[in-house]
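Reading through the structure tokens given below for one structure.
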Amino acid sequence: MTSRVIPVDPFTLVVFGATGDLARRKLLPGLFHRDIDGQLPDDGRIVGVSRGPLTVAQYLDLARKAITDHVPAADYSAAQLEVFLARIDYVTADGDADGGWPDLVACLQRTPQLVNVFYLATGPALFGPICERLGRFGLAGGTARVVVEKPIGRDLETARMVNDAVGAVFPEERVYRIDHYLGKEAVQNLMALRFANGLFEPLWNAAHIDHVQITVAESLGVEGRAGYYDHAGALRDMVQNHMLQLLCLVAMEPPAKLEADAVRDEKLKVLRALKPIDETNAAHNTVRGQYRPGASAGGAVPGYLEELGAASSLTETFVALKVEIQNWRWAGVPFYLRTGKRLPARVSEIVISFRRIPHSVFDGQAGPIDANRLVIRLQPDEGVKLWLMTKDPGPGGMRLRSVPLDMSFASAFGVRNPDAYERLVLDVIRGNQTLFMRRDEVEAAWTWIDPILQAWAASPDLLRSYTAGTWGPSAGIALMERDGRTWLEDGA
Ligand code: BG6
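Counting with the numbering used here, you get residues 9 to 500 for the letters of the sequence shown.
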């Protein structure tokens, strides 16, 4: 159970790409969790749409398997599963052709609801064609809203094309661009931490913060997604969206209210204040790597090229960046970002590293005095740690030690942390855009990313190799060490 639930309005959620990975792994299990927690109203309906000529019964089998595969059996009863399945319908329709669309219209007319949500869990090539049909078949009016997944484009130009195609049918206030990192519990806690406590805000600036580190490390490789990934790479797949969003939430000014546009205005200002990285400084401020065969906890693992099944590729699976924000609050405070596949662990965290004390009153026996750090752990165990210097207990003089004030959300609240998609899908039904990216944000992020991509294209030799199961190329470590700083893993 989660702590407190308020049911949403009656809705119909239409999922395009209903047999795909996202629907099976995240959307159906997420909605099921919300259902058993009592958050779906009786009139909450889900309509799966895909090209596959399935009967409703066949789709229900797929949905049942999605739930039993991804939700622990101890969490629900057979009766609850049947109640959930009774909400589901299925229509065969092609995003790219008109076949099946009259059936979809008829299905939606049978049980009209207050809110219609169209979730495009498909490749981005279908966003335009599906939106165009939603418009032409009269489904895009009223309060109907559309949800699109990344990747939104592969550069500024293609992002604009996608946004134009969606925007031709849906006004911006009914477009929900998902970045699932914004739905993570710890990411939202970052806002609570910053804006519901008087303690941090006075210190949240260049006078008191030495630097910020953001790490999103994954232990898995590209697995079955090599086809998509090889056209994307870590910069497009993780930095343009998830990591820049995290950076924005750390760096933005307090919005006047926790309202969608107030928050998004502040994030946009951060994106626009990022110091450009281009051919003149990319070699100094960026590191890109690709994993070769190595080892993980489970034994030997193949390299990226083996997973891809190709002799060569210039796609990066690791990136580290030194980013600067050119504004009054952050001048001179580097933000170090790194993300990669096949790193030693799955761990995502933000480290706010405060400045050292200006003068020590302790003698040499006390030991080194570490700078305070605030660590916001996104995964695996979401929580916050504030590292403070304390005295080692007992007699024997004053010896100092860095010890964390430690809050794990799971143990502090004794509740299951909902998956990001559970919250985000319900936010769409509620009509709350705060945790979704606005068009100008996405395009501002691409405006900053494009010159890095161009610089890399001009210097392919900058791609370094790293052994799978390590923390990336040594240049990624040197990126910080040369500034006299070190990547910190929690507890280090
Ligand atoms: C996705 C990327 O957006 O995020 C994947 O496309 C990545 O490559 C995933 O693995 C990471 O998400 P999470 O929630 O598992 O950290």
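For glycine and all other residues, C-beta sits at the position ideal for the given N, C-alpha and C.
Is there at least one non-hydrogen atom of the ligand BG6 closer than 7 angstroms to the beta-carbon of residue i?
{"i": "glutamate 226", "result": "yes"}
{"i": "histidine 188", "result": "yes"}
{"i": "histidine 250", "result": "yes"}
{"i": "serine 321", "result": "no"}
{"i": "lysine 158", "result": "yes"}
{"i": "methionine 445", "result": "no"}
{"i": "serine 482", "result": "no"}
{"i": "serine 304", "result": "no"}
{"i": "serine 368", "result": "no"}
{"i": "arginine 419", "result": "First, the residue type needs correcting, since residue 419 is serine and not arginine in the sequence shown. Result no, Cβ not under 7 angstroms from the ligand BG6."}
{"i": "glutamine 387", "result": "yes"}
{"i": "aspartate 245", "result": "yes"}
{"i": "serine 356", "result": "yes"}
Between the alpha carbons of residue i and residue j, how many angstroms are there, rounded?
{"i": "leucine 394", "j": "arginine 381", "result": "6 angstroms"}
{"i": "leucine 254", "j": "leucine 128", "result": "24 angstroms"}
{"i": "histidine 547", "j": "valine 224", "result": "It is not possible to answer for residue 547, since the shown part of the chain is limited to 9 through 500."}
{"i": "tryptophan 479", "j": "serine 321", "result": "20 angstroms"}
{"i": "proline 80", "j": "valine 433", "result": "21 angstroms"}
{"i": "valine 258", "j": "proline 412", "result": "20 angstroms"}
{"i": "glycine 150", "j": "glycine 307", "result": "55 angstroms"}
{"i": "threonine 10", "j": "threonine 130", "result": "Residue confidence is low: threonine 10 scores 48 on pLDDT, short of 50, so the model does not pin down where it sits. Its coordinate-derived value is still stated next. Those two C-alpha atoms are separated by around 30 angstroms."}
{"i": "valine 392", "j": "arginine 493", "result": "22 angstroms"}
{"i": "glutamate 497", "j": "isoleucine 138", "result": "44 angstroms"}
{"i": "arginine 364", "j": "arginine 244", "result": "35 angstroms"}
{"i": "lysine 548", "j": "lysine 283", "result": "Given a span of 9 to 500 for the chain in the structure shown, any question on residue 548 remains unanswerable."}
{"i": "serine 122", "j": "leucine 36", "result": "The residue you asked about is not serine; residue 122 is leucine in the sequence shown. Going by the C-alpha atoms only, they are around 21 angstroms apart."}
{"i": "phenylalanine 417", "j": "lysine 265", "result": "25 angstroms"}
{"i": "isoleucine 485", "j": "glutamine 66", "result": "51 angstroms"}
{"i": "methionine 488", "j": "isoleucine 377", "result": "20 angstroms"}
{"i": "valine 359", "j": "alanine 452", "result": "25 angstroms"}
{"i": "aspartate 69", "j": "histidine 188", "result": "27 angstroms"}
{"i": "glutamate 287", "j": "serine 356", "result": "29 angstroms"}
{"i": "glutamate 324", "j": "serine 473", "result": "9 angstroms"}
{"i": "threonine 475", "j": "alanine 353", "result": "14 angstroms"}
{"i": "alanine 428", "j": "aspartate 435", "result": "11 angstroms"}
{"i": "aspartate 111", "j": "alanine 200", "result": "45 angstroms"}
{"i": "leucine 443", "j": "isoleucine 457", "result": "21 angstroms"}
{"i": "proline 310", "j": "valine 230", "result": "11 angstroms"}
Compute the beta-carbon to beta-carbon distance between residue i and residue j, rounded to the nearest angstrom, for a pair I have assumed lies under 8 angstroms.
{"i": "valine 341", "j": "threonine 294", "result": "At roughly 18 angstroms, the Cβ-Cβ gap does not stay under 8 angstroms, so valine 341 and threonine 294 are not in contact."}
{"i": "aspartate 491", "j": "serine 361", "result": "So it is not a contact: roughly 12 angstroms between Cβ atoms."}
{"i": "phenylalanine 343", "j": "valine 220", "result": "5 angstroms"}
{"i": "arginine 438", "j": "valine 13", "result": "Not a contact, Cβ separation roughly 12 angstroms."}
{"i": "proline 3", "j": "isoleucine 285", "result": "Absent from the model: residue 3. The displayed extent of the chain is 9 to 500, so no value can be given."}
{"i": "alanine 281", "j": "asparagine 335", "result": "5 angstroms"}
{"i": "asparagine 425", "j": "glutamate 193", "result": "5 angstroms"}
{"i": "arginine 409", "j": "threonine 398", "result": "6 angstroms"}
{"i": "alanine 101", "j": "glycine 107", "result": "7 angstroms"}
{"i": "alanine 291", "j": "leucine 461", "result": "At roughly 14 angstroms, the Cβ-Cβ gap does not stay under 8 angstroms, so alanine 291 and leucine 461 are not in contact."}
{"i": "glutamate 226", "j": "isoleucine 186", "result": "Between isoleucine 186 and glutamate 226 the Cβ distance is about 19 angstroms, and since that is not below 8 angstroms, they are no contact."}
{"i": "glycine 511", "j": "proline 18", "result": "No answer is possible for residue 511: it lies beyond the span of the chain, which begins at 9 and ends at 500."}
Would residue i pass as a contact of residue j if the rule is Cβ separation under 8 angstroms?
{"i": "leucine 21", "j": "valine 125", "result": "yes"}
{"i": "glycine 297", "j": "glycine 348", "result": "yes"}
{"i": "leucine 228", "j": "valine 177", "result": "no"}
{"i": "alanine 214", "j": "arginine 300", "result": "no"}
{"i": "isoleucine 44", "j": "alanine 71", "result": "no"}
{"i": "alanine 26", "j": "valine 64", "result": "no"}
{"i": "glutamate 315", "j": "alanine 234", "result": "yes"}
{"i": "tryptophan 454", "j": "glycine 161", "result": "yes"}
{"i": "alanine 303", "j": "glycine 477", "result": "yes"}
{"i": "isoleucine 54", "j": "valine 99", "result": "no"}
{"i": "glutamate 274", "j": "methionine 260", "result": "yes"}
{"i": "phenylalanine 135", "j": "valine 170", "result": "yes"}
{"i": "glutamate 430", "j": "histidine 41", "result": "yes"}
{"i": "glutamate 165", "j": "leucine 279", "result": "no"}
{"i": "leucine 93", "j": "leucine 116", "result": "no"}
Given the structure, does residue i come close to the ligand SAH, in the sense that its CB is under 7 angstroms from one of the ligand's heavy atoms?
{"i": "valine 183", "result": "Absence of the ligand SAH is noted for the structure shown, with the ligand BG6 being the only ligands found."}
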